[in-house]
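In terms of mature numbering (1 follows the signal peptide of the UniProt record, and there is no 0), the sequence shown is residues -25 to -1, 1 to 156.
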Amino acid sequence: MPQAMKCTAFIFTILFSALIALINADFEETTEDDFLSAGERCFQRERLAASYQRRFDNFEYPDEEPVHRYVHCIWTELKLWNDRTGFNVEHIAALYRDKANTEVLVPILSECNRNTQNEPTLRWCYKAFKCVPNSRVGQWFKEDVSRKLHERRVGKSCRMSFFVMIKALHKNTHIFVDIRR
């Protein structure tokens, strides 16, 4: 093989590897923590009433303009929604590849992603999102997010109990010291 051809093949290999790295760097797998964190940021950004939080924690998303903005904010922030093409079906399917194969996931997500009514973007995103919980993918999503919410609450509760216990011990120590004097 001539030297020029080897050099060209080498450069092609490097460029191809760089392209693959860029594609992979553009999408990082989203976790339940990412979803909950994005939800918190979007909740604050959209300045939603506190009453919505309890509803969202129970997977209740009323068909209201503020909720449409909130849902769009989350999925856009997670880079799982595109205003021109809708849900990034392949990336969402990749998140659940351990639960089902792509041949099962993609048709479910694609059906939810359809915008047959040519809805405005926020409403389309909301309707696509609302469709998913009624599918098997939605059940997995609810299970995963519910588990993570529970872990966060238990963790927060344990941390608070620990600090209360330390504070009580600290107070009792002072009382004990005072009694001994």
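The beta carbon of each residue, even a glycine, is placed where N, CA and C say it ideally should be.
Paired residues, beta bridge with residue 50 - DSSP
Per DSSP, none; premise fails for residue 50.
On the CB-based measure, 16 or more other CB atoms within 10 Å of its CB, does residue 116 come out buried or exposed?
buried
How about the stretch 118 to 128 and the stretch 87 to 103: do they share at least three Cβ pairs that are nearer than 8 Å?
Output reads no: the stretch 87 to 103 does not touch the stretch 118 to 128.
Work out the CA separation of residue 78 and residue 44 for me, nearest whole Å.
31 Å
Alpha helix (DSSP H) segments (min. 4 residues) lying fully within the stretch 38 to 84
Within the stretch 38 to 84, the complete alpha helix (DSSP H) segments at least 4 residues long are 40 to 52, 64 to 70, listed from N- to C-terminus.
Sequence-distant residues of its chain with Cβ nearer than 7 Å to residue 80 (five each side left out)
68, 71, 112
Go through its chain and collect everything with a Cβ distance to residue 86's Cβ below 6 Å, but skip five positions before and after it.
none
Other residues of its chain near residue 64: CB distance less than 7 Å, five sequence neighbours each side excluded:
81, 84, 85, 88
Alpha-carbon spacing of residue 74 relative to residue 110, whole angstroms
13 Å
Can you give the Cα-Cα distance for residue 128 and residue 29, rounded to whole angstroms?
Each residue's Cα considered, the two are about 13 Å apart.
Let me confirm a value: residue 10 is counted as buried when at least 16 other C-beta atoms fall within 10 Å, else exposed. Which label applies?
Residue 10 is buried by the Cβ-count criterion.
CB of residue 48 within 8 Å of CB of residue 22, strictly
no
Test item: CB-CB of residue 105 and residue 36 under 8 Å
yes
How would you write the range of the alpha helix (DSSP H) that residue 36 sits in, first residue to last?
It is not in any alpha helix (DSSP H) - residue 36 carries neither H nor E in the DSSP assignment.
Same chain only: Cβ atoms within 7 Å of residue 60, ignoring 5 sequence neighbours per side
Around residue 60: no qualifying Cβ.
For residue 97, which residues of its own chain have a beta-carbon under 7 Å away from its beta-carbon, when the five flanking residues on both sides are left out?
43, 44, 47
Taking residue 103 as part of the alpha helix (DSSP H), name the residues at either end of that continuous run.
96 to 106
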